[in-house]
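Trainee:
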Amino acid sequence: MTKEEEDILLQEGKMLPVMEHFYTIQGEGFHAGKAAYFIRLGGCDVGCHWCDVKESWDPKLHPLMNTEEIAETAARYCKTIVLTGGEPLMWNLEILTSKLKELGCTIHIETSGAYPMSGHLDWITLSPKKTGLPLADIYKEASELKMIIFNQNDFKFAQEQGGKVNDKCELYLQSEWSKRDVMYPKITDFILEHPKWRSSIQTHKYLNIP
Ligand SMILES: C[S@@+](CC[C@H](N)C(=O)[O-])C[C@H]1O[C@@H](n2cnc3c(N)ncnc32)[C@H](O)[C@@H]1O
Ligand SMILES: Nc1nc2[nH]cc(C(=O)O)c2c(=O)[nH]1
Ligand code: SF4
Ligand SMILES: [Mg+2]
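Set out below in structure tokens:
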């Protein structure tokens, strides 16, 4: 296949760069503890210096896979699918999510919101980043807001972003992993003062699962 032919299939969402796909337990946020099949798409230019999957950033390092085949594989394991990355909204998710819906799946997405929404998404986990702010449309659609706390300034950013989401959106503070010993005590104090927020912990890292 030529580069041009590949680009067309990517634009149409018929093929997608898949870094990895695996059956595990959702570790974070509202659905923590739930079995889910994760599809991690390559490609992200948001540039979080503490990102725990920097290997995902360059999409060229990840093989293009046939979208309908990846959907069929996922749905054989589980009907809860988590699309993540990288930044999954960099890609056209129409075909992937249509196929997953046809197979009876509920589709969750983990996103920074920095790219336009596409496809059929049942649960949107929005995790805004200062280096690539969410586009305006996603705030009214977000199911949960998951703010990463790396330092004290991030509480202010969390409150700003919390003011932009819809009323039904669940609000979470999650410490950046390497700062957890310092930041969870601060997150605890913050939540006791602002009880509409809840804490989220990357439980999969304690369980030693993907
Ligand atoms: C790797 S990102 C991929 C999806 C999307 N790019 C995003 O940032 O939402 C998945 C989730 O992990 C969070 N995350 C990434 N690195 C982290 C770290 N070092 N500590 C805590 N959470 C982290 C992100 O904020 C996001 O909520
Ligand atoms: N178990 C598990 N839960 C997760 N929740 C969000 C993740 C992600 O990287 O998007 C993630 C992940 O990588 N593993
Ligand atoms: S937006 Fe997500 S994938 Fe991209 S650098 Fe930040 S945490 Fe990593
Ligand atoms: Mg992760």
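Take the sequence shown: its letters are residues 1 to 210, numbered as in the UniProt record's numbering. Just so you know, even glycine gets a beta-carbon here, dropped at the ideal spot from N, CA and C. Since the model is a prediction, treat every value here as computed from it, not as a measurement.
1) Along the chain, where does the alpha helix (DSSP H) that runs through residue 186 open and close?
2) Go ahead and pull the three-state DSSP assignment for residue 36.
3) What span of residues does the beta strand (DSSP E) with residue 2 cover, start to end?
4) Determine the burial state of residue 142: buried for a count of at least 16 other Cβ atoms within 10 Å of its Cβ, exposed for fewer.
5) Looking at residue 27 and ligand 3, is the gap between the Cβ and the nearest heavy atom below 7 Å?
6) Whether or not the stretch 188 to 198 and the stretch 16 to 23 are in contact is what I'm after, with contact meaning three or more pairs of Cβ atoms, one per stretch, closer than 8 Å; do they touch?
7) Of the residues 139, 203 and 44, which one's Cα is nearest the Cα of residue 90?
8) Excluding sequence positions up to five away, which residues of its chain have a Cβ less than 6 Å from the Cβ of residue 37?
9) Distance, Cα to Cα, residue 10 vs residue 109?
10) Could you tell me the distance, in whole angstroms, from the CA atom of residue 165 to the CA atom of residue 139?
11) Tell me which residue opens and which closes the beta strand (DSSP E) that residue 131 is part of.
12) Using 8 Å for Cβ pairs, my map puts residue 66 next to residue 15. What's the rounded Cβ distance?
13) Does the stretch 101 to 115 come close enough to the stretch 51 to 59 that 3 or more CB-CB pairs lie under 8 Å?
14) Give me the Cβ distance between residue 115 and residue 87, rounded to the nearest whole Å; I'm assuming they're in contact under 8 Å.
15) Is it buried or exposed for residue 120, if we count other Cβ within 10 angstroms and need 16 for buried?
16) Would you identify the three-state DSSP class for residue 93, choosing helix, strand or coil?
17) Less than 8 Å separating the beta-carbons of residue 200 and residue 159?
18) Closer than 7 Å to a non-hydrogen atom of ligand 1 - does that hold for the CB of residue 69?
19) Check residue 162 in the structure and name its three-state DSSP category.
20) Does any heavy atom of ligand 3 sit closer than 7 Å to the C-beta of residue 42?
21) When you compare only the Cα positions, how much space is there between residue 150 and residue 188?
Mentor: So, from the data block:
1) From DSSP, the alpha helix (DSSP H) with residue 186 extends over 180 to 193.
2) Strand at residue 36.
3) Per DSSP, residue 2 belongs to no beta strand (DSSP E) and is neither H nor E.
4) When all chains shown are included, residue 142 counts as buried.
5) Residue 27: no, Cβ never under 7 Å from ligand 3.
6) No, the stretch 16 to 23 is not in contact with the stretch 188 to 198.
7) Out of 139, 203 and 44, 44 has the C-alpha closest to the C-alpha of residue 90.
8) Setting aside the 5 residues that flank it on each side, residue 37 is surrounded in the same chain by 23, 74, 77, 78 and 81, each with a C-beta closer than 6 Å to its C-beta; the list follows chain order.
9) Going from the Cα of residue 10 to the Cα of residue 109 covers about 19 Å.
10) Near 5 Å, if we compare the C-alpha coordinates of residue 139 and residue 165.
11) Where residue 131 is concerned, there is no enclosing beta strand (DSSP E), given that its DSSP letter is neither H nor E.
12) Contact between residue 66 and residue 15 is confirmed by a C-beta separation of about 6 Å, below the 8 Å threshold.
13) Counting Cβ pairs under 8 Å, fewer than three are found: no touch.
14) Distance from residue 115 to residue 87 at the Cβ level is roughly 6 Å; contact confirmed, criterion being Cβ atoms closer than 8 Å.
15) Answer is exposed; the Cβ neighbour count stays below 16.
16) Residue state, collapsed to three classes: coil.
17) Cβ atoms of residue 200 and residue 159: not closer than 8 Å.
18) No, the beta carbon of residue 69 sits no closer than 7 Å to any heavy atom of ligand 1.
19) Looking at residue 162 - three-state DSSP - the assignment turns out to be helix.
20) No; taking the cut-off as 7 Å, the Cβ of residue 42 has no heavy atom of ligand 3 nearer than that.
21) Looking at the two C-alpha atoms, the distance is approximately 14 Å.
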